[in-house]
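Chains as they are written, first to last, in my numbering: chain A, 1 to 341; chain B, 1001 to 1341.
Okay, structure first, notes after.
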DNA sequence: TCACCGTGCGCTCAAATGAGCGCACAACGC
DNA sequence: GCGTTGTGCGCTCATTTGAGCGCACGGTGA
């Protein structure tokens, strides 16, 4: 059939040469019919009078030469689906939600992200789940976004930290439970107590024991990521300067619901642990879905740490932090490639 | 297994709702892995923990909602492959070559387009073809672009029209034949003679008869499209004002190698016919591949006419004329739809 | 001139894909 | 309470698609 008349090919690899216009146009026609008009390759082959194999090769060449450009964009609302998907791919996450929220007004950002987290949670949770919650300022707006919710049990994962505005973890847990109609497993206890004995006594209280007994059956944990710096961690802000420095000295870099991690995302044992009413890092890590809210580009290294440490496998965040994470991950990747190569 | 917990869907059709972030992100992840990372749907299904059917539906939804954008662009050089393919699709052409050539400098445009036509011709012709050629100023630069060429027979399709610069059809035919080594079937005769008897006598000459005997076996014709206006048609320019008006009066709108057509692309019989040494319109139309060079947006209606009349099935042109053609075709289409609906 | 090599391209078979069907479950109406 | 309806989703089968193989032809060097 083929005459084989045409012999040479241009020097650049992808098979399509500038000095073969007919080939290029043929590829474009195939690409047009395949991608834009949605025809199958056999149909295209029939219409172009060539074999379907040639069609396939032309399409490959067209894509490799950059003639066909495919991009994934945002569909609407302020959810950036493309970035979300990229986070999932790059970090191997189970869930990611990136929202386009301006990050200059921090309280507004916090509020919007909390609502977004509520949306996301409402969307991924099912009646068979058991929800665990820890405290974070960003989560106080979460219930506002909940319209309907399954009647899941909801477990308080840590003691409470007093907040200036009077909001607290118990309100949050009970608020969510109220929307869904599920049972709220709450208890009255602070997150940090003066000594280990007090903590032990508190843990023996029936309500506390009940809640912590449920922790192993928690399927989704909703919490926030703190960075061990002023104003980036509820716990940091609650400690004395001496305590803060002591913690930093032993490598504390990040905290999640009162559990501490170093810069590589490895759980840390600290002198504070025995005085805290929390769900420890390794236990958190064993929860199937750990959804963390994080905001502010200042937290990117902390977020990277817990992602690498496989502590959290879901993120709710905003575009600028998402981009910062991807940039840092790329740098890291390149540095590693450079070192090994 | 699905719990069926989620019930309602947003009001807009494509299946992806803004108030279901997880679904949207899932679709984006699927799209990312399918289009950008090149994974198969079953692999994606495994990674996302869903069935491959859901993956397919998510991909459909993502495309329909505009989340995945696919566009076909130009690969390099000055060939606009996307426009070329669009011309082919819209007009059902066998070949189309659209080049990005500035159209403000007409002689340069003509020259560049002629070379481009040479490139294109060189690319689509095979040793089994028989090439027919008619005259056009734009084709005089054609041989310059030919580097190698198969030894096809080359047939002169019409008599010659004297040109101010001394270039003519015989040079063109012999030039092409020289590059390829094929036989040039040329003859010495003008395109238009004073009366029918002279024309008949000329047609009986051995060289002329030889060439015209070959016309039915021509597989590719290379020619140009003229518009029945000053400076847009070699023949118009060669006639007297009285003859020009007489032709216009009987509906002559377009000429191709001395064959005349009305505004709908139907071949016309004119008083001039018996005095012309040409290949008639219906004969042209029976040639498998008729490649026409056309330039200047002023010719768009003539090009449309011969496209609609199925006279030519291949075009070599420049971007602005190509776009004008597509625009006019769209208008036509809309007008028709409006009238019928 | 002839054997050798590279390249383009079509064929075969297994994997991937899409259309249509039926099930399970939530949201109504009586 | 209990059918009815609508919707999401997985299953089956015919079609489509991709990987590997072998052929034919042009180009190259003895």
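All C-beta atoms in this analysis are idealised placements derived from N, C-alpha and C, irrespective of residue type, glycine included.
Being a predicted model, the structure only gives us computed values, none of them experimental.
- Contact residues of the stretch 106-136 of chain A toward chain B are 119, 120, 123, 124, 126, 127, 128 (C-beta to C-beta distance below 7 Å).
- Here the stretch 110-129 of chain A does not lie against the stretch 268-285 of chain A, with fewer than 3 beta-carbon pairs under 8 Å apart.
- The C-beta separation of residue 1176(B) from residue 1143(B) comes to about 6 Å, placing the pair in contact by the 8 Å criterion.
- Proximity of residue 1082(B) to chain A, defined by a Cβ-Cβ separation below 8 Å, is satisfied.
- Between the alpha carbons of residue 247(A) and residue 291(A) lies a distance of about 25 Å.
- Within chain B, the residues placing a beta-carbon under 7 Å from that of residue 96(A) are 1025, ordered along the chain.
- For residue 70(A), at least one C-beta of chain B is nearer than 8 Å to its own C-beta.
- In terms of Cα proximity to residue 234(A), the closest of 162(A), 243(A), 181(A), 222(A) is 162(A).
- For the pair residue 1165(B) and residue 1111(B), the Cα-to-Cα distance works out to about 14 Å.
- Using a Cβ-Cβ cut-off of 8 Å, residue 1085(B) counts as an interface residue toward chain A, since at least one Cβ of chain A sits closer than that to its own.
- In the DSSP assignment, residue 1130(B) falls outside any beta strand (DSSP E), carrying neither H nor E.
- Of all C-beta pairs linking the stretch 294-304 of chain A to the stretch 266-273 of chain A, fewer than three are shorter than 8 Å, placing the two stretches out of contact.
- By the C-beta criterion, the stretch 39-48 of chain A is judged not to be in contact with the stretch 1097-1105 of chain B, since fewer than 3 inter-stretch pairs fall below 8 Å.
- If you draw a straight line from the Cα of residue 229(A) to the Cα of residue 236(A), it comes to about 7 Å.
- Under the DSSP assignment, residue 91(A) falls in the alpha helix (DSSP H) whose first and last residues are 81-91.
- Of the candidates 19(A), 72(A), 34(A), 72(A) places its Cα closest to the Cα of residue 1034(B).
- In the DSSP secondary-structure assignment, residue 1070(B) is bridged to 70(A).
- The Cβ of residue 19(A) sits closer than 8 Å to at least one Cβ of chain B.
- Listed as beta-bridge partners of residue 1227(B) by DSSP are 1254(B).
- Unbroken beta strand (DSSP E) runs of no fewer than 3 residues, entirely contained in the stretch 160-228 of chain A, are found at 220-227, following chain order.
- Of all residues in the stretch 196-222 of chain A, none places a beta-carbon less than 8 Å from a beta-carbon of chain B.
- Put simply, the CB of residue 1031(B) is near chain A, with a gap under 8 Å to one of its CB atoms.
- By the neighbour-count definition (other C-beta atoms within 10 Å, threshold 16), residue 1253(B) is a buried residue.
- Residue state for residue 1277(B) is assigned as coil, using DSSP reduced to three classes.
- For residue 243(A), the closest alpha carbon among the candidates 220(A), 194(A), 202(A), 221(A) is that of 194(A).
- Taking a contact to require three or more Cβ pairs closer than 8 Å, the stretch 1255-1266 of chain B and the stretch 1299-1316 of chain B qualify as touching.
- When DSSP states are grouped into helix, strand and coil, residue 317(A) belongs to the strand group.
- About 6 Å separates the beta carbon of residue 1026(B) from that of residue 1058(B), a gap short enough to meet the 8 Å contact definition.
- According to the DSSP assignment, residue 1125(B) belongs to no alpha helix (DSSP H), since it is labelled neither H nor E.
- The beta carbon of residue 1174(B) sits closer than 7 Å to the beta carbons of 1184, 1186 from its chain, once the five residues preceding and following it are set aside; these are given in chain order.
- At least one C-beta of chain A is nearer than 8 Å to the C-beta of residue 1035(B).
- Taking C-alpha positions only, residue 1332(B) is separated from residue 1138(B) by approximately 29 Å.
- Per DSSP, residue 1259(B) lies in no alpha helix (DSSP H) segment; the continuous beta strand (DSSP E) that holds it begins and ends at 1259-1261.
- For residue 149(A), the secondary structure class from DSSP, reduced to helix, strand or coil, is coil.
- For residue 78(A), same chain residues with a beta-carbon under 7 Å away, outside a window of 5 residues either side, are 99, 100, 101 in chain order.
- Our two residues, residue 1157(B) and residue 1250(B), have alpha carbons roughly 25 Å apart in a direct line.
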